[in-house]
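Engineer:
Number of protein chains: 2
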Amino acid sequence: MKKYNTAIVGATGLVGGEMLKVLLQRDFPVNNLRLFATSRSAGRKIPVRDKKIVVEDIEKSDFAGVELALFAGGDIASEKYAYKFVEAGAIVVDNSKTFRMDPDVPLVVPEVNPEDIKLHKGIIANPNCSTIQMVVALKPVYDEAGIERVVVATYQAVSGTGKAAVREVNKQTREVLDGKDTNAEVYPHQIGFNLLPHIGSFTENGYSTEELKMVYETRKIMGDDSLRITATTVRVPVLIGHAESVNIETKKKITADRVREILKDAPGVTVCDDPFNNIYPYPAMSAHKDAVYVGRIREDISTDRGIEMFVVSDNLRKGAALNAVQILEEVIRMGII
Amino acid sequence: MKKYNTAIVGATGLVGGEMLKVLLQRDFPVNNLRLFATSRSAGRKIPVRDKKIVVEDIEKSDFAGVELALFAGGDIASEKYAYKFVEAGAIVVDNSKTFRMDPDVPLVVPEVNPEDIKLHKGIIANPNCSTIQMVVALKPVYDEAGIERVVVATYQAVSGTGKAAVREVNKQTREVLDGKDTNAEVYPHQIGFNLLPHIGSFTENGYSTEELKMVYETRKIMGDDSLRITATTVRVPVLIGHAESVNIETKKKITADRVREILKDAPGVTVCDDPFNNIYPYPAMSAHKDAVYVGRIREDISTDRGIEMFVVSDNLRKGAALNAVQILEEVIRMGII
Numbered sequence: 001m002k003k004y005n006t007a008i009v010g011a012t013g014l015v016g017g018e019m020l021k022v023l024l025q026r027d028f029p030v031n032n033l034r035l036f037a038t039s040r041s042a043g044r045k046i047p048v049r050d051k052k053i054v055v056e057d058i059e060k061s062d063f064a065g066v067e068l069a070l071f072a073g074g075d076i077a078s079e080k081y082a083y084k085f086v087e088a089g090a091i092v093v094d095n096s097k098t099f100r101m102d103p104d105v106p107l108v109v110p111e112v113n114p115e116d117i118k119l120h121k122g123i124i125a126n127p128n129c130s131t132i133q134m135v136v137a138l139k140p141v142y143d144e145a146g147i148e149r150v151v152v153a154t155y156q157a158v159s160g161t162g163k164a165a166v167r168e169v170n171k172q173t174r175e176v177l178d179g180k181d182t183n184a185e186v187y188p189h190q191i192g193f194n195l196l197p198h199i200g201s202f203t204e205n206g207y208s209t210e211e212l213k214m215v216y217e218t219r220k221i222m223g224d225d226s227l228r229i230t231a232t233t234v235r236v237p238v239l240i241g242h243a244e245s246v247n248i249e250t251k252k253k254i255t256a257d258r259v260r261e262i263l264k265d266a267p268g269v270t271v272c273d274d275p276f277n278n279i280y281p282y283p284a285m286s287a288h289k290d291a292v293y294v295g296r297i298r299e300d301i302s303t304d305r306g307i308e309m310f311v312v313s314d315n316l317r318k319g320a321a322l323n324a325v326q327i328l329e330e331v332i333r334m335g336i337i
Numbered sequence: 001m002k003k004y005n006t007a008i009v010g011a012t013g014l015v016g017g018e019m020l021k022v023l024l025q026r027d028f029p030v031n032n033l034r035l036f037a038t039s040r041s042a043g044r045k046i047p048v049r050d051k052k053i054v055v056e057d058i059e060k061s062d063f064a065g066v067e068l069a070l071f072a073g074g075d076i077a078s079e080k081y082a083y084k085f086v087e088a089g090a091i092v093v094d095n096s097k098t099f100r101m102d103p104d105v106p107l108v109v110p111e112v113n114p115e116d117i118k119l120h121k122g123i124i125a126n127p128n129c130s131t132i133q134m135v136v137a138l139k140p141v142y143d144e145a146g147i148e149r150v151v152v153a154t155y156q157a158v159s160g161t162g163k164a165a166v167r168e169v170n171k172q173t174r175e176v177l178d179g180k181d182t183n184a185e186v187y188p189h190q191i192g193f194n195l196l197p198h199i200g201s202f203t204e205n206g207y208s209t210e211e212l213k214m215v216y217e218t219r220k221i222m223g224d225d226s227l228r229i230t231a232t233t234v235r236v237p238v239l240i241g242h243a244e245s246v247n248i249e250t251k252k253k254i255t256a257d258r259v260r261e262i263l264k265d266a267p268g269v270t271v272c273d274d275p276f277n278n279i280y281p282y283p284a285m286s287a288h289k290d291a292v293y294v295g296r297i298r299e300d301i302s303t304d305r306g307i308e309m310f311v312v313s314d315n316l317r318k319g320a321a322l323n324a325v326q327i328l329e330e331v332i333r334m335g336i337i
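Listed in order, the protein sequences are those of chains A and B.
Be aware that the first sequence starts at 1, since it is given in the working numbering, and climbs by one per residue.
Be aware that the second sequence starts at 1, since it is given in the working numbering, and climbs by one per residue.
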């Protein structure tokens with residue numbers, strides 16, 4: 001089997017670290033592996049199987065020879081370097097928001113729109129974490145019954161913000177337990193034992209950028225600009241695992257039993273739905289797992305054609321690193337490289 | 001001013017303790033104050049201003065002379081003793097679910113349906129915590145624009161479950177911080193750094209009892225059985241303060257500005273809505289406060305006639321103790337006693 005020179009940009013961050021882990025766990029056909037970060041983290045040695053790889057300073061490096069690159073260094077790194085990797089001959093899967101809505105860049109969740117990969121011009125965008133897990137659960141329902149409108153409220157883990165946020169929630173939580181005052185640095189207010197309806201920044205219409213990502217990215221991935229979606233995104237004091245309360249108005253009536261049936265066969269989904277036995281999805285069960293867990297599936301009693309469901313997944317894996325690696329696997333499978 | 005012999009049943013619980021605090025803070029016209037609990041807590045001395053009141057064993061007590069009673073002892077205490085207090089001449093405000101849907105018992109939020117108090121036959125029911133804060137925010141919108149349908153997802157604090165749950169989340173949280181294993185006793189799964197889409201028990205249609213309370217209690221309080229509501233209720237690792245993401249489809253178009261305007265004048269509501277300056281409601285800001293905080297008010301981009309809002313309130317105060325005391329204040333103001 002052919003192996004590929006592969007790079008991770010932002011390798012010292014939470015998502016970059018998870019990308020490395022996923023590449024290894026899935027026996028991704030890596031030839032030469034290169035890890036990049038900013039000068040702040042460059043020089044660090046990252047253990048990879050039985051050896052250590054030195055993190056390279058992206059500003060001082062030559063990218064020649066890289067065939068596949070995973071970008072998880074944030075918007076600025078992507079803006080500055082993604083096309084340089086493309087020029088050097090690589091196919092880039094980018095986890096930042098930079099190219100997601102660019103009409104020249106496919107936005108891909110392999111279970112939903114793998115064929116869009118073929119339209120790439122060097123860069124393929126990895127969607128927002130909360131969008132990915134939602135579309136994996138929505139797509140089978142969409143195909144079966146059509147979707148009129150989606151109302152979603154999220155419960156998003158702090159690891160989505162990064163390492164500093166994980167430190168902050170841990171620190172503040174201990175301070176609250178010890179009866180001490182807390183101090184907020186990463187978030188505008190305390191996150192330990194608290195929650196904030198604030199992810200990303202706010203826009204003129206009152207929605208946050210995270211909420212609008214869930215609207216526009218979902219439409220692009222599903223290839224349906226008529227899809228009506230509204231979202232409220234909330235940061236909760238959970239370390240790993242985003243949860244979503246998803247209300248779907250379908251075009252055709254569909255029963256909860258039928259939804260369970262089609263989701264059981266859906267790629268990437270694990271149905272976890274036996275509430276009488278306390279079986280339903282929750283973040284702690286999703287951590288370090290690949291699946292999008294769906295449960296609490298029921299017919300919406302407020303309408304004739306509606307489904308409620310609760311969708312949970314590890315935001316660092318399917319919400320970021322795993323989805324990006326799956327895109328690369330598709331790139332290889334499709335013979336695009 | 002006339003003063004009333006007042007009793008609190010379940011005085012040693014979280015809600016009972018908060019009721020006592022609220023009575024004192026609001027200078028409620030108490031004459032003789034009696035505190036009741038089960039034999040397990042009876043005999044304890046509760047400090048009240050400059051003296052101590054001994055908690056009486058409800059099973060061995062005579063209720064004669066009690067004029068106003070606040071019940072927070074749970075369903076069994078209410079089933080067993082509420083009508084005994086009524087027979088002894090008291091007006092009872094009951095915080096359990098026992099009488100809420102009883103057609104002979106008014107279910108009251110003073111800001112919404114105070115007139116229903118007049119229909120009482122001895123017992124007035126205090127609604128469920130998550131319902132109370134929602135209807136306080138919904139009523140002004142309902143009066144102005146009509147409501148077609150509500151889709152709500154909640155973020156509910158562990159204090160809603162009681163003292164043992166607060167101990168459990170604190171214990172588990174410390175265990176997670178210390179890298180130890182956790183053990184779930186109060187909830188079926190870990191709640192520290194986790195969340196569970198499970199409040200109350202589950203019913204045949206897939207909804208939980210808590211979710212159905214939000215549907216049926218809201219209809220009863222608003223006096224509109226045609227109101228279409230669906231809810232997903234979720235327990236989160238927060239100590240005090242329930243949050244709700246509320247999506248409202250209105251009958252008439254209403255702007256976000258107009259909603260802010262009417263909510264600013266609405267009784268019991270504090271509008272907290274300047275997201276560009278990080279001003280929005282969150283649980284930590286609501287703890288030990290009386291208001292229902294409403295923010296993130298915006299026009300729903302998925303429909304022509306919709307409003308999204310985020311509603312937060314202290315579940316022990318407006319969600320329970322404060323609302324109950326306010327009902328008693330109305331009873332006095334209306335001259336019913």
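Beta carbons: idealized from backbone N, C-alpha and C, even for Gly.
So, at 7 Å on beta carbons, what are the nonlocal neighbours of S61 (chain B) in its own chain, with the 5 sequence-adjacent residues on each side left out?
Structural biologist: Here residue 61 (chain B) corresponds to residue number 61 of the second sequence, with the count starting at 1. Closer than 7 Å at the Cβ level, and outside the excluded window around S61 (chain B), lie F36.
Engineer: Show which residues of chain B have a CB atom less than 7 Å away from the CB atom of H120 (chain A).
Structural biologist: Translated into the one-based positions of the first sequence, residue 120 (chain A) becomes position 120. Here the premise fails: no neighbours, minimum Cβ distance about 29 Å.
Engineer: Tell me, please, whether the CB atom of E308 (chain A) is closer than 8 Å to any CB atom in chain B?
Structural biologist: Against the first sequence, residue 308 (chain A) aligns to sequence position 308. Yes, E308 (chain A) lies at the interface with chain B (some Cβ there is under 8 Å from its Cβ).
Engineer: Within its chain, find whatever has a CB closer than 6 Å to the CB of S78 (chain A); leave out the 5 residues flanking it on each side and keep chain order.
Structural biologist: Residue mapping note: residue 78 (chain A) aligns to position 78 of the first sequence, counting from 1. These residues qualify, in order along the chain: F71, D94, S96 and T98.
Engineer: Can you find a CB in chain B that lies within less than 8 Å of the CB of F276 (chain A)?
Structural biologist: Counting from one through the first sequence, the residue named residue 276 (chain A) turns up at place 276. Yes, F276 (chain A) lies at the interface with chain B (some Cβ there is under 8 Å from its Cβ).
Engineer: Would you kindly work out how many angstroms separate the C-alpha atoms of R260 (chain A) and T232 (chain A), rounded to a whole number?
Structural biologist: Counting from one through the first sequence, the residue named residue 260 (chain A) turns up at place 260. Counting from one through the first sequence, the residue named residue 232 (chain A) turns up at place 232. One C-alpha to the other measures close to 25 Å.
Engineer: Please go through the segment 160 to 224 of chain B and give each complete alpha helix (DSSP H) segment of 4 or more residues, from N-terminal end onward.
Structural biologist: Segments of the alpha helix (DSSP H) lying fully in the segment 160 to 224 of chain B: 163 to 177 and 209 to 222.
Engineer: DSSP state of A243 (chain A), grouped into three classes?
Structural biologist: Here residue 243 (chain A) refers to the residue found at position 243 when the first sequence is read from its first residue. Strand.
Engineer: Compare the beta carbon distance of A291 (chain A) and V311 (chain A) with 8 Å and say whether it is the shorter of the two.
Structural biologist: The residue labelled residue 291 (chain A) in the question sits at position 291 within the first sequence. The residue labelled residue 311 (chain A) in the question sits at position 311 within the first sequence. No; because the gap between Cβ atoms is not below 8 Å, this pair is not in contact.
Engineer: Taking C-beta pairs closer than 8 Å, name the residues in chain A that T250 (chain B) reaches, listed in chain order.
Structural biologist: For the purposes of this step, residue 250 (chain B) is identified with residue 250 of the second sequence, where counting begins at 1. Those do not exist, as T250 (chain B) stays about 14 Å from chain A at its closest Cβ, beyond 8 Å.
Engineer: Using beta carbons (cut-off 8 Å, strictly below), is G200 (chain B) in contact with chain A?
Structural biologist: For the purposes of this step, residue 200 (chain B) is taken as the residue at position 200 of the second sequence. False, the Cβ-Cβ gap to chain A never drops below 8 Å.
Engineer: Candidates B:E87, B:V109, B:M285 and B:I191: which alpha carbon is nearest G223 (chain B)'s?
Structural biologist: For the purposes of this step, residue 223 (chain B) is taken as the residue at position 223 of the second sequence. Nearest option by C-alpha distance: B:V109.
Engineer: Determine the chain B residues that contact D345 (chain A) at a beta-carbon separation under 7 Å, and present them in chain order.
Structural biologist: Because residue 345 (chain A) is not part of the residues shown, which for chain A are 1 to 337, the question remains open.
Engineer: Under a CB-based cut-off of 8 Å, is H189 (chain B) close to chain A?
Structural biologist: Sequence index remark: in the second sequence, residue 189 (chain B) carries index 189 (1-based). Yes, its Cβ sits closer than 8 Å to a Cβ of chain A.
Engineer: Are there 16 or more other CB atoms within 10 angstroms of the CB of Q326 (chain A), so buried, or fewer, so exposed?
Structural biologist: Residue numbering aside, residue 326 (chain A) sits at position 326 when the first sequence is read from its first letter. Buried, because 16 or more other Cβ atoms sit within 10 Å of the Cβ of Q326 (chain A).
Engineer: Output needed in chain order: residues of the segment 157 to 186 of chain A with a Cβ under 7 Å from some Cβ in chain B.
Structural biologist: Result list: N170, T173, R174 and L177.
Engineer: Say whether the segment 137 to 152 of chain A touches the segment 17 to 34 of chain B, bearing in mind that this needs 3 or more beta-carbon pairs closer than 8 Å, one atom from each stretch.
Structural biologist: With a cut-off of 8 Å, the segment 17 to 34 of chain B and the segment 137 to 152 of chain A do not count as touching, because too few Cβ pairs lie within range.
Engineer: Under 8 Å Cβ to Cβ from R228 (chain B), same chain only, skipping five residues before and after it: list those, please.
Structural biologist: The residue labelled residue 228 (chain B) in the question sits at position 228 within the second sequence. Once the five neighbours on either side are set aside, the close Cβ partners of R228 (chain B) are E148, R149 and V150.
Engineer: Opposite V150 (chain B) in the DSSP bridges: which residues?
Structural biologist: Along the second sequence, read from residue 1 onward, the residue named residue 150 (chain B) stands at position 150. Its beta-bridge partners are B:I229 and B:I248.
Engineer: Should the segment 122 to 131 of chain B be called in touch with the segment 199 to 207 of chain A, which here means at least 3 C-beta pairs below 8 Å?
Structural biologist: Cβ pair count under 8 Å is below three, so no.
Engineer: Would you list, in sequence order, the uninterrupted alpha helix (DSSP H) runs of no fewer than 4 residues that lie entirely inside the segment 59 to 94 of chain B?
Structural biologist: Within the segment 59 to 94 of chain B, the complete alpha helix (DSSP H) runs of at least 4 residues are 75 to 87.
Engineer: By the DSSP assignment, the beta strand (DSSP E) with V311 (chain B) in it spans what residues?
Structural biologist: Within the second sequence, numbered from 1, the residue matching residue 311 (chain B) stands at position 311. G306 to S313 is the span of the beta strand (DSSP E), which, as asked, contains V311 (chain B).
Engineer: If we define contact as Cβ-Cβ less than 8 Å, is Y282 (chain A) a contact residue for chain B?
Structural biologist: Locating residue 282 (chain A) in the first sequence gives position 282, where the first residue counts as 1. Y282 (chain A) counts as touching chain B.
Engineer: In the DSSP assignment, find the unbroken alpha helix (DSSP H) run with A145 (chain A) in it and report its ends.
Structural biologist: Locating residue 145 (chain A) in the first sequence gives position 145, where the first residue counts as 1. Residues C129 to A145.
Engineer: When burial is assigned at 16 or more other CB atoms within 10 Å of the CB, is A164 (chain B) buried or exposed?
Structural biologist: Indexing the second sequence from 1 puts residue 164 (chain B) at position 164. With fewer than 16 other Cβ atoms within 10 Å, it is exposed.
Engineer: Note down, in chain order, every chain B residue with its Cβ under 7 Å from the Cβ of S130 (chain A).
Structural biologist: As a first step, residue 130 (chain A) is located in the first sequence; it is residue number 130 there, counting from the start. Those within 7 Å of S130 (chain A) in chain B number zero; the least Cβ separation is about 14 Å.
Engineer: Can you check DSSP and say which residues form a bridge with E56 (chain A)?
Structural biologist: Residue mapping note: residue 56 (chain A) aligns to position 56 of the first sequence, counting from 1. A:F36, per the DSSP bridge assignment.
Engineer: Helix, strand or coil for L316 (chain B) per DSSP?
Structural biologist: What you label residue 316 (chain B) is simply residue 316 of the second sequence in a count that begins at 1. Correct three-state label for L316 (chain B): coil.
Engineer: Determine the chain B residues that contact Y155 (chain A) at a beta-carbon separation under 8 Å, and present them in chain order.
Structural biologist: Here residue 155 (chain A) refers to the residue found at position 155 when the first sequence is read from its first residue. Here the neighbours are Y155, L195, V234 and V236.
Engineer: Roughly how many whole angstroms lie between the Cα atoms of K84 (chain A) and G74 (chain A)?
Structural biologist: Your numbering for residue 84 (chain A) matches position 84 in the first sequence. Your numbering for residue 74 (chain A) matches position 74 in the first sequence. So the alpha carbons of these two residues sit roughly 16 Å apart.
Engineer: Have a look at B:S41, B:P29 and B:L24 and flag the residue whose alpha-carbon is nearest the alpha-carbon of D50 (chain B).
Structural biologist: By 1-based counting over the second sequence, the position of residue 50 (chain B) is 50. With distances taken between Cα atoms, D50 (chain B) lies closest to B:L24.
Engineer: Expressed to the nearest angstrom, what Euclidean distance is found between the alpha-carbon atoms of V246 (chain B) and E308 (chain B)?
Structural biologist: Residue 246 (chain B) sits at position 246 when you count from the first residue of the second sequence. Residue 308 (chain B) sits at position 308 when you count from the first residue of the second sequence. Those two C-alpha atoms are separated by around 6 Å.
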